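Have a look at the structure below before the remarks.
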Amino acid sequence: MTTTFRCTTLETSMQMQACRMFWHKSTISIVLRRELGDCTPSREVPVLYVKRPAIFGGDLEIDLGGSVHPVRMLPVSGKDVRNLRFGLVYGPKRKRIRFRAPDAATYDNWEMILEVAVEKAAAERPTFPSWPYPGTSPSLSAIEDGYTSEETPTTASLRPRASMR
């Protein structure tokens with residue numbers, strides 16, 4: 001059995017872009033989520049919680065911690081900074097979400113918090129070790145040597161057949 005604890009650390013009302021045309025009101029917050037499984041504590045994972053109207057998709061949770069599909073900040077232009085806009089790319093389909101802050105202080109605060117959360121998650125993401133010995137790894141050499149399983153067709157069955165005309 002898994003128990004989930006949530007602690008909201010920061011909450012702000014902002015505008016969110018929908019369909020690259022419309023800006024609507026939304027509330028975004030950073031929630032620290034901790035799951036307890038079999039009474040063993042796990043690490044806290046920051047989650048961006050977006051509360052938006054149902055017509056624009058309803059509430060949304062974006063896991064900022066080391067997930068399979070990492071979250072990254074969208075690059076900002078000079079116009080974005082002047083208009084207090086920032087955005088994120090998330091999920092397996094690399095969806096984009098953009099926000100507009102009500103004032104400069106809120107913009108600076110949220111941009112800093114999200115950058116720190118995204119960078120921390122990127123640093124904690126596991127990396128795959130490289131083959132420490134000279135030459136190719138055994139798995140790569142098996143592929144390069146033409147290893148075939150019994151399920152693959154033989155070259156005789158791949159020959160072109162004579163056409164019947």
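Once you know that position 74 of the sequence shown is 74 in UniProt numbering, the rest is easy, because the numbers rise by one and skip nothing. Each residue gets a CB set at the ideal place from its N, CA and C atoms; glycine is no exception. Since we're looking at a predicted model, the values are computed, not measured.
How would you write the range of the alpha helix (DSSP H) that residue i sits in, first residue to last?
i	result
ASP63	ASP63 -> not in any alpha helix (DSSP H); beta strand (DSSP E) instead, spanning 60-63.
GLY78	78-82
Of all the options the options, which has the alpha carbon lying nearest to the alpha carbon of residue i?
i	options	result
TYR49	GLU11, TYR107, ILE113	GLU11
ALA54	PRO75, SER26, VAL76	SER26
ILE62	ARG20, ARG85, ARG33, LEU84	ARG33
LYS51	SER13, THR106, LEU74	SER13
VAL116	VAL71, ASP59, TRP23, PHE56	VAL71
By Cβ distance below 6 angstroms, which residues in the same chain neighbour residue i in space, the five residues on each side in sequence not counted?
i	result
PRO92	HIS69
VAL47	VAL31, ARG33, GLU61, ASP63
ARG94	none
Under 8 angstroms between C-beta atoms, does residue i make it to chain B?
i	result
VAL71	Among the chains of the structure shown, chain B does not appear; only one protein chain is present.
The beta strand (DSSP E) spanning residue i covers which residue range?
i	result
ARG85	85-90
ILE97	95-100
PRO46	45-51
Classify residue i as buried or exposed, calling it buried when 16 or more other Cβ atoms lie within 10 Å of its own Cβ.
i	result
MET21	exposed
GLY65	buried
Which residues in the same chain have their Cβ closer than 8 angstroms to the Cβ of residue i, if we skip the five residues on either side of it in sequence?
i	result
PHE99	MET14, GLN15, MET16, GLN17, SER26, ILE28, ARG85, PHE86, GLY87, TRP110
Relative to the ligand NAP, is the shortest distance from any of its heavy atoms to the C-beta of residue i smaller than 7 angstroms?
i	result
MET16	Within the structure as shown, the ligand NAP is missing, as the structure has no ligands at all.
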